[in-house]
Amino acid sequence: MLYERLDDLREYVSGRLCAVLRENGGTAQSLVERETAAARYHERLAHLQAAENGLCFGRLDFRDGERRYIGRIGLLDDGDGDPLLLDWRAPAARAFYLATAASPDGVRRRRHIRIRHRDVTEINDEILDLEGARQEGGVTGEAALLAAVSATRTGRMGDIVETIQAEQDRIIRDEHRGVLVVQGGPGTGKTVVALHRAACLLYTHRETLARRGVLIVGPNTTFLRYIGQVLPSLGETGVLLATVGELYPGLVARRAEPAAAAEIKGRAAMAEVVAAAVRDRQWVPEDALDVVLDRETVPLTRADCERIRERARASLLPHNQARPIVFRGVVDALARTIADLYGEDVLGGENLFGEEDVEEIRAELRTDPGVREAVDRLWPALTPQDLLTGLYASAEWIAAAAPGLTEAERALLLREPGGGWTPADVPLLDEAAELLGEDTSAAEAEARRRHREQVAFAQEVLHIAEGSRSTDQEDDVEDVLSVTDLLDAEALAGRHEDADTRTAAERAAADRTWTFGHVIVDEAQELSPMAWRLLMRRCPTRWMTLVGDVAQTGDPAGASSWEEVLAPYAGDRWRLARLNVNYRMPAEIAEVAADVLAELDPGLESPRSVRATGVRPWRLRCEDLAAGLPELVRREAAAAGEGRVAVIVPAGRLAEAEPAVVAAAPGASVSGRDAEVDLERPVSLLTVRDAKGLEFDSVILVDPAGIVAESPRGLNDLYVALTRATQRLGVVHPGPVPAHLARLEETLAD
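Reminder that position 173 of the sequence shown reads as 173 in full-length UniProt numbering, one-by-one numbering, no gaps.
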């Protein structure tokens with residue numbers, strides 16, 4: 001019955017869409033209205049299409065006899081409008097995720113329904129009104145949950161609407177309007193909670209968030225591709241997914257650089273370095289600046305230049321927007337210098353040039369190319385790219401702008417022009433854009449000119465229309481309205497202006513100054529202080545969801561505590577929520593990771609696992625990766641079946657491991673070699689950085705000691721690498737096994 005109703009709705013919406021698309025002709029306004037309606041029907045149809053798989057996944061039977069079906073979308077009866085299916089985000093559906101035997105909320109039975117191709121394949125019932133049937137704090141829907149977490153990986157993250165647990169549901173529906181920090185260890189579902197929270201917020205705050213958009217920031221493009229299908233599967237498509245390196249429109253930041261250089265660029269002190277670089281370009285000559293005009297050379301004294309610079313700086317306008325002030329100052333100073341030179345009374349009297357004469361000189365100077373050249377030298381028009389390219393290319397400029405850095409640190413910033421931008425450059429480019437601004441006066445003047453022309457043309461049209469009315473008609477029908485009674489020239493011109501029909505996400509992606517209704521950051525602990533400055537500009541309301549785990553911080557510029565990150569921006573308007581249950585990792589792997597976590601910080605508690613597989617993690621000493629690794633990869637690929645295998649190595653051993661992995665799995669996707677790691681391939685070779693946030697059926701971790709030694713936060717990286725597996729974990733070590741992995745037995749798992 002529910003699928004029949006879904007089909008009816010699809011047929012209706014498809015019909016309306018076809019009818020709209022068949023329309024043609026009409027005014028510019030009717031064209032815009034048609035495109036808007038088509039976009040609305042397209043969005044609704046996509047929403048209905050997304051609900052096909054697993055349309056209904058649950059049922060609540062209440063003690064009073066009421067029955068509610070829970071699904072991906074809400075469906076109403078076509079006749080009386082009664083709900084046939086409740087959207088999982090609706091308040092009336094919450095009992096499906098929260099009811100327990102200790103607090104059943106009137107529920108007698110919770111039924112989990114599994115559907116494949118519109119056929120019910122499995123039913124699991126939980127009876128909640130039996131004494132002791134459930135324990136407070138346990139998981140709900142064990143059968144459905146365990147089936148989901150035990151299933152083989154596909155290379156794409158799926159949604160969890162069928163298996164949301166109580167601690168996750170509370171965070172997903174949290175109405176806190178400040179910054180909500182979701183802290184959780186590996187396997188606790190931080191990412192899916194964040195994505196489902198986005199879907200829930202779009203459901204409850206549709207009007208606000210549809211207009212301003214939602215931004216989801218991930219650590220890398222592989223991760224974003226991995227999670228890319230979750231929100232569309234929930235019927236939400238108007239969300240922008242991006243890395244920090246993709247948040248500056250017009251450029252792609254993929255250039256590689258040393259981790260030490262990226263760490264320096266991420267420091268909060270770099271904001272002052274960029275500001276100093278801007279100030280350094282606001283030049284004053286040592287003596288005087290000779291301005292070459294049409295017929296002569298006129299000096300602009302150092303005192304005049306300093307006075308002009310201080311006046312421009314005192315305006316507090318961004319650098320480029322202050323250029324008109326500099327231009328006016330140069331014109332005025334030159335005009336008075338010329339007046340003093342040529343208006344001097346040879347008899348010693350007052351200057352012969354009056355204020356009207358000086359104004360005439362100013363008018364001539366405003367169009368003189370020499371004045372423009374002088375302004376460009378004193379206060380050049382700059383783009384953020386120009387500023388940073390020049391800064392990085394000059395040891396002298398770096399030293400002047402960054403006196404607080406050591407000589408070795410300044411050397412790490414030095415590089416030749418060209419070659420593209422790194423992800424760590426993007427927050428600095430954004431900082432520069434804020435300080436430089438854009439002089440839009442010429443564009444605004446051109447827009448006003450075009451608008452005046454359009455209004456004048458519209459006025460002509462109205463005059464023609466009014467003049468074409470029959471005099472006899474006016475006598476016979478005095479009360480008939482004419483076009484001039486309904487429209488003036490301004491309104492008519494406005495109807496023919498081009499309308500922007502892009503979605504909020506599309507407009508936001510092209511506009512650096514766009515501010516979002518809500519921002520979600522995954523792996524938030526990895527962001528540098530400069531990246532946080534960029535994101536806070538994108539969300540001035542500070543309505544954000546941050547998910548991460550400070551124990552997994554691997555970036556040298558990343559966070560050590562949430563208080564440190566948020567205090568400068570959110571004050572006390574942030575709240576911490578914790579996820580304490582590990583749904584992804586089996587207990588056997590979690591125990592190994594817990595030993596590393598204890599060494600990282602004895603005060604941190606490892607998440608509690610909900611399942612065990614009986615498969616013990618293994619380790620093997622292997623001095624020659626080329627000889628030993630291929631057989632191990634083939635073995636784990638066979639054990640994973642249709643699942644996914646990851647080989648995680650230190651970045652320094654990536655080139656060494658690649659031939660061995662490719663020999664065992666010719667179709668393997670490789671970090672660094674491939675533009676983007678393809679997680680849908682059976683085997684992937686990854687660095688820890690590229691593996692962050694991902695999950696695989698089986699993981700082979702190569703050279704744990706090398707991972708620890710490679711970074712100042714190497715132990716954090718090792719913890720990340722150990723916690724990517726959902727079924728099997730093996731460790732290959734070329735030397736003695738590190739002490740924190742002593743729990744592992746030197747054997748291969750069955």
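Backbone N, C-alpha and C define an ideal beta-carbon position, used for all residues, glycine too.
Ala333 to Arg307, Cα distance in whole Å? Residue 333 sits at position 333 when you count from the first residue of the sequence shown. Residue 307 sits at position 307 when you count from the first residue of the sequence shown. So the two alpha carbons sit approximately 10 Å from each other.
Under the three-state reduction of DSSP, which class applies to Ile227: helix, strand or coil? As a working mapping, residue 227 is identified with position 227 in the sequence shown. DSSP places Ile227 in helix when its eight states are reduced to three.
Return yes when the Cβ of Glu695 is within less than 8 Å of the Cβ of Arg153, no when it is not. Stepping through the sequence shown from its first residue, residue 153 is reached at position 153. Stepping through the sequence shown from its first residue, residue 695 is reached at position 695. In this structure, Glu695 lies closer than 8 Å to Arg153 by Cβ.
Quick one: grab the DSSP three-state call for Ser684. For the purposes of this step, residue 684 is taken as the residue at position 684 of the sequence shown. DSSP places Ser684 in strand when its eight states are reduced to three.
Is Gly370 helix, strand or coil by DSSP? As a working note, residue 370 is residue 370 in the sequence shown. When secondary structure is reduced to three states using DSSP, Gly370 falls in the helix class.
Assigned exposure category for Leu579 - 16 Cβ within 10 Å defines buried: Position 579 of the sequence shown, counted from the start, is the residue given in the question as residue 579. So Leu579 ends up on the buried side.
Within the chosen definition, does the segment 698–710 reach the segment 722–738 through at least 3 CB pairs nearer than 8 Å? With three or more CB-CB distances shorter than 8 Å, the segment 698–710 counts as touching the segment 722–738.
Rounded to a whole number of angstroms, what is the C-alpha to C-alpha distance between Tyr3 and Gly58? Here the question's residue 3 lines up with position 3 in the sequence shown. Here the question's residue 58 lines up with position 58 in the sequence shown. Taking the straight line from one Cα to the other gives about 15 Å.
Please go through the same chain and pick out, in chain order, the residues whose beta-carbon is closer than 7 Å to the beta-carbon of Arg16, but skip the five residues on each side of it. Position 16 of the sequence shown, counted from the first residue, corresponds to residue 16. Excluding positions up to five away in sequence, the list reads Tyr41.
Which residues bound the beta strand (DSSP E) around Pro659? Position 659 of the sequence shown, counted from the first residue, corresponds to residue 659. DSSP places Pro659 in no beta strand (DSSP E) but in the uninterrupted alpha helix (DSSP H) bounded by 654–664.
Helix or strand or just coil, what does DSSP make of Ala377? What you label residue 377 is simply residue 377 of the sequence shown in a count that begins at 1. Correcting the residue type first, residue 377 is Arg in the shown sequence and not Ala. In the three-state scheme derived from DSSP, where H, G and I count as helix and E and B as strand, Arg377 is classed as helix.
As assigned by DSSP and simplified to three states, the class of Ile216: Within the sequence shown, the letter at position 216 stands for residue 216. DSSP places Ile216 in strand when its eight states are reduced to three.
Hey, how far is the Cα of Arg108 from the Cα of Met157? Start at 1 with the first residue of the sequence shown, and residue 108 comes out as number 108. Start at 1 with the first residue of the sequence shown, and residue 157 comes out as number 157. Looking at the backbone, the Cα of Arg108 and that of Met157 are separated by about 33 Å.
Are there 16 or more other CB atoms within 10 angstroms of the CB of Met1, so buried, or fewer, so exposed? Stepping through the sequence shown from its first residue, residue 1 is reached at position 1. Counting every other CB atom within 10 Å of its CB across the protein chains shown gives Met1 a total below 16, marking it as exposed.
Tell me, which residues are paired with Glu183 by DSSP? Looking up residue 183 in the sequence shown gives position 183. Checking the displayed sequence, the identity of residue 183 turns out to be Gln instead of Glu. Residue pairing by DSSP puts Gln183 in a beta bridge opposite Gly548, Arg578.
For Asn320, count the other beta carbons within 10 Å of its own beta carbon; 16 or more makes it buried, fewer makes it exposed. Which is it? One-based indexing of the sequence shown puts residue 320 at position 320. Here Asn320 is buried. Its C-beta has 16 or more other C-beta atoms within 10 Å.
How many angstroms separate the CA atom of Gly132 from the CA atom of Glu591? Counting from 1 along the sequence shown, the entry for residue 132 is found at position 132. Counting from 1 along the sequence shown, the entry for residue 591 is found at position 591. Only weak support exists for where Gly132 lies, its pLDDT of 41 falling under 50; the value from the coordinates is given anyway. Roughly 30 Å between the two C-alpha positions.
Could you round the C-beta distance between Val649 and Ala637 to whole angstroms and report it? I think they count as a contact, below 8 Å. As a working note, residue 649 is residue 649 in the sequence shown. As a working note, residue 637 is residue 637 in the sequence shown. In fact, because the Cβ distance is near 17 Å, the residues do not count as touching under 8 Å.
Check the DSSP bridge columns for Leu209 and list the partner residues they point to. Mapped onto the sequence shown, residue 209 falls at position 209. DSSP output for Leu209 lists no bridge partner at all.
Kindly indicate which residue of Pro186, Leu55, Asp77 has the alpha-carbon position closest to the one of Ile70. Translated into the one-based positions of the sequence shown, residue 70 becomes position 70. Among Pro186, Leu55, Asp77, the Cα nearest to that of Ile70 is on Leu55.
Rounded C-beta distance between Val139 and Gln165? I'm assuming under 8 Å. Numbered from its first residue, the sequence shown carries residue 139 at position 139. Numbered from its first residue, the sequence shown carries residue 165 at position 165. That belief holds up - the Cβ atoms of Val139 and Gln165 are roughly 6 Å apart, short of 8 Å.
Among Asp376, Ala399, Leu535, Leu413, whose alpha-carbon lies nearest the alpha-carbon of residue 772? Because the chain in this structure spans residues 1 to 750, residue 772 falls outside the shown range and cannot be described.
From Asp174, Thr204, Leu6, pick the residue whose C-alpha is nearest to that of Ala194; which is it? In the sequence shown, residue 194 corresponds to position 194, counting from 1. That would be Asp174, whose Cα lies nearest to the Cα of Ala194.
Tell me whether residue 777 sits in a helix, a strand or coil according to DSSP, three-state version. The chain is shown only over 1 to 750; residue 777 falls outside these bounds and no answer can be derived.
Counting only the same chain and skipping the five closest in sequence on each side, list residues whose C-beta sits under 7 Å from that of Gly628. Numbered from 1 along the sequence shown, position 628 holds the residue referred to as residue 628. So the list reads Cys622, once near-sequence residues are dropped.
Fully enclosed by the segment 87–160, which alpha helix (DSSP H) runs are 4 residues long or longer? Correct list: 95–98, 142–150.
Measure from the alpha carbon of Glu526 to the alpha carbon of each residue in Pro285, Gln552, Val330, then state which is nearest. Working through the sequence shown from its first residue, we reach residue 526 at position 526. Check the Cα spacing between Glu526 and each of Pro285, Gln552, Val330: the tightest is with Gln552.
What separation, rounded to the nearest whole angstrom, lies between the Cα atoms of Gly235 and Arg608? Looking up residue 235 in the sequence shown gives position 235. Looking up residue 608 in the sequence shown gives position 608. Put simply, the backbone Cα of Gly235 is about 32 Å away from that of Arg608.
DSSP three-state assignment for Gly58, whether helix, strand or coil: Locating residue 58 in the sequence shown gives position 58, where the first residue counts as 1. Correct three-state label for Gly58: strand.
Can you tell me which of the three DSSP states Leu31 falls into? By 1-based counting over the sequence shown, the position of residue 31 is 31. Three-state result, Leu31: helix.
Gln135 burial status per 10 Å Cβ neighbour count (16 or more: buried): By one-based count along the sequence shown, residue 135 stands at place 135. Only weak support is given to the placement of Gln135: the predicted model assigns it a pLDDT of 43, under 50, and the value that follows is read from those uncertain coordinates. With fewer than 16 Cβ atoms within 10 Å of its Cβ, Gln135 is classed as exposed.
State the CB to CB distance for the pair Ala675 and Pro423, rounded to an integer number of angstroms; the pair is presumed to be in contact (CB under 8 Å). Here residue 675 refers to the residue found at position 675 when the sequence shown is read from its first residue. Here residue 423 refers to the residue found at position 423 when the sequence shown is read from its first residue. Not a contact, Cβ separation roughly 15 Å.
Counting only the same chain and skipping the five closest in sequence on each side, list residues whose C-beta sits under 7 Å from that of Leu251. The count along the sequence shown starts at 1 and reaches residue 251 at position 251. Closer than 7 Å at Cβ, skipping near neighbours: Trp421.
Which residue from Ile127, His112, His117, Thr121 puts its Cα closest to that of Ser103? On the sequence shown, position 103 is the one that residue 103 refers to. Distances from the CA of Ser103 to each of Ile127, His112, His117, Thr121 were compared; the closest alpha carbon is that of Ile127.
Does Ile520 come out as helix, strand or coil in the three-state DSSP assignment? Within the sequence shown, residue 520 is the residue found at index 520, counting from 1. Here Ile520 carries a strand assignment [DSSP, helix/strand/coil].
If you follow the beta strand (DSSP E) that Asp555 is part of, which residue opens it and which one closes it? Along the sequence shown, read from residue 1 onward, the residue named residue 555 stands at position 555. Membership of Asp555 in any beta strand (DSSP E) is not indicated, and neither H nor E is assigned to it by DSSP.
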